[in-house]
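J.:
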Amino acid sequence: AQTVTQSQPEMSVQEAETVTLSCTYDTSENNYYLFWYKQPPSGQMILVIRQEAYKQQNATENRFSVNFQKAAKSFSLKISDSQLGDTAMYFCAFMKKQGAQKLVFGQGTRLTINP
Amino acid sequence: NAGVTQTPKFQVLKTGQSMTLQCAQDMNHEYMSWYRQDPGMGLRLIHYSVGAGITDQGEVPNGYNVSRSTTEDFPLRLLSAAPSQTSVYFCASRTPSGGKSYEQYFGPGTRLTVT
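In the order they appear, the protein sequences are chains A and B.
Heads up, the first sequence is in my numbering, so the first residue is 1 and it goes up one at a time.
Heads up, the second sequence is in my numbering, so the first residue is 116 and it goes up one at a time.
#1: Determine, for phenylalanine 94 of chain A, whether the minimum Cβ-Cβ distance to residues of chain B falls below 8 Å.
#2: Are any of the Cβ atoms in chain A nearer than 8 Å to that of serine 148 of chain B?
#3: Answer yes if the region 69-81 of chain A comes into contact with the region 183-197 of chain B, meaning at least three C-beta pairs across the two stretches below 8 Å, and no otherwise.
#4: Less than 8 Å separating the beta-carbons of leucine 111 of chain A and leucine 34 of chain A?
#5: From A:Gln51, A:Lys55, A:Lys96, A:Gln101, pick the residue whose C-alpha is nearest to that of glutamate 61 of chain A; which is it?
#6: Could you name the residues of chain B that tyrosine 33 of chain A contacts, counting a contact when the two beta carbons are closer than 7 Å?
#7: Give me the subset of the region 96-108 of chain A whose CB atoms are less than 9 Å from a CB atom of chain B, sorted by chain position.
#8: Thinking C-beta only, is threonine 120 of chain B closer than 8 Å to methionine 139 of chain B?
#9: Please decide whether valine 203 of chain B counts as near chain A, where near means a Cβ-Cβ distance under 8 Å.
#10: What does the Cβ neighbour count give for tyrosine 54 of chain A, buried or exposed, with the cut at 16 atoms within 10 Å?
#11: Using a C-beta to C-beta distance shorter than 9 Å, which residues of chain B count as neighbours of glycine 91 of chain A?
#12: What separation, rounded to the nearest whole angstrom, lies between the Cα atoms of phenylalanine 64 of chain A and glutamine 14 of chain A?
#13: Could you check the C-alpha separation between arginine 183 of chain B and alanine 167 of chain B for me, to the nearest Å?
#14: Note down the Cα distance separating histidine 144 of chain B from valine 175 of chain B, rounded to an integer number of angstroms.
#15: Taking valine 4 of chain A as the reference, give the member of A:Lys70, A:Phe105, A:Thr109 with the closest Cα.
#16: Among the residues of its own chain, which have a CB less than 7 Å from the CB of arginine 159 of chain B, if the five just before and after it don't count?
#17: Serine 199 of chain B by DSSP, collapsed to three states: which one?
#18: Helix or strand or just coil, what does DSSP make of glycine 85 of chain A?
#19: At a CB-CB cut-off below 7 Å, which residues of chain B make contact with leucine 47 of chain A?
#20: Kindly indicate the opening and closing residues of the beta strand (DSSP E) around aspartate 26 of chain A.
#21: Which residues, taken in chain order from the region 46-80 of chain A, show a beta carbon closer than 7 Å to some beta carbon of chain B?
#22: Quick check for students: name the residue ranges of the beta strand (DSSP E) that lie wholly in the region 48-82 of chain A, counting only runs of 3 or more.
#23: Check whether the Cβ atoms of phenylalanine 91 of chain A and threonine 27 of chain A sit closer than 8 Å, and answer yes or no.
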């Protein structure tokens with residue numbers, strides 16, 4: 001079974017700073033996806049960024065980028081030039097590429113951006 | 116497209132009562148899932164379906180039933196509500212093929228309290 005661990009329950013930074021959220025996972029699979037989801041106070045789950053395990057290049061989406069270390073089973077999220085609207089819970093998630101493809105989530109990191 | 120819709124948004128039940136959480140999607144997605152989110156934890160999979168007439172158990176299925184008679188609908192039934200089922204419930208859908216087959220579309224959630 002796959003497990004996902006986020007070791008930082010809470011983080012807080014000043015607006016415009018850069019922040020990195022950590023995630024490690026455990027799997028024996030070789031083909032899979034990794035995701036970061038954002039959950040703002042409204043409660044909606046929003047996909048921030050995804051990474052395919054077979055791609056060595058780290059994914060980027062505007063101010064969001066990941067550091068994917070497959071051998072170390074590490075998948076951190078970097079938010080550059082943080083904004084007040086980035087305040088949210090952030091969840092790391094794993095999904096096998098084959099089969100029913102269920103999402104396995106970490107416990108989440110509560111990120112607060114201070115003005 | 117309305118995407119994934121869930122009703123009700125909020126519900127309070129007494130212990131032992133039964134109810135059905137509704138989920139519908141208008142994107143013709145084959146895959147649908149139910150997750151629950153408890154404080155301090157990520158989402159955990161309750162049940163999922165890979166098509167009409169096909170359902171399977173996830174990580175935390177006890178106390179819940181599902182059926183999938185149409186592609187659009189995937190209701191979640193609580194047979195005899197217990198306080199341990201107090202949670203926020205998310206429905207999600209996905210297509211298993213195509214360029215964005217990795218992406219789960221989440222509904223807005225149903226906040227359930229069992230007293």
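From the three backbone atoms N, C-alpha and C, an ideal C-beta is built for every residue, glycine too.
A quick note: this is a predicted structure, and the numbers were derived from the prediction, not measured.
T.: In short:
#1: No, phenylalanine 94 of chain A lies away from the interface with chain B (no Cβ there is under 8 Å from its Cβ).
#2: Yes, contact with chain A.
#3: no
#4: no
#5: A:Gln51
#6: Tyr217
#7: Lys97, Ala100, Gln101, Lys102, Leu103, Val104, Phe105, Gly106, Gln107, Gly108
#8: Note on residue identity: the sequence assigns alanine, not methionine, to residue 139 of chain B. Result yes, Cβ atoms of alanine 139 of chain B and threonine 120 of chain B sit closer than 8 Å.
#9: Answer yes: the Cβ-Cβ gap between valine 203 of chain B and chain A drops below 8 Å somewhere.
#10: exposed
#11: Reading off the sequence shown, one finds phenylalanine at residue 91 of chain A, where the question assumed glycine. Per Cβ cutoff of 9 Å: Gly157, Leu158.
#12: 16 Å
#13: 5 Å
#14: When rounded, the distance between both Cα atoms is 23 Å.
#15: A:Phe105
#16: Tyr150, Arg151, Glu174, Val175
#17: helix
#18: Taken through DSSP and simplified to helix, strand or coil, glycine 85 of chain A comes out as helix.
#19: Glu218
#20: 24-26
#21: Of all residues in the region 46-80 of chain A, Leu47, Arg50 have a Cβ within less than 7 Å of some Cβ in chain B.
#22: 64-69, 74-79
#23: no
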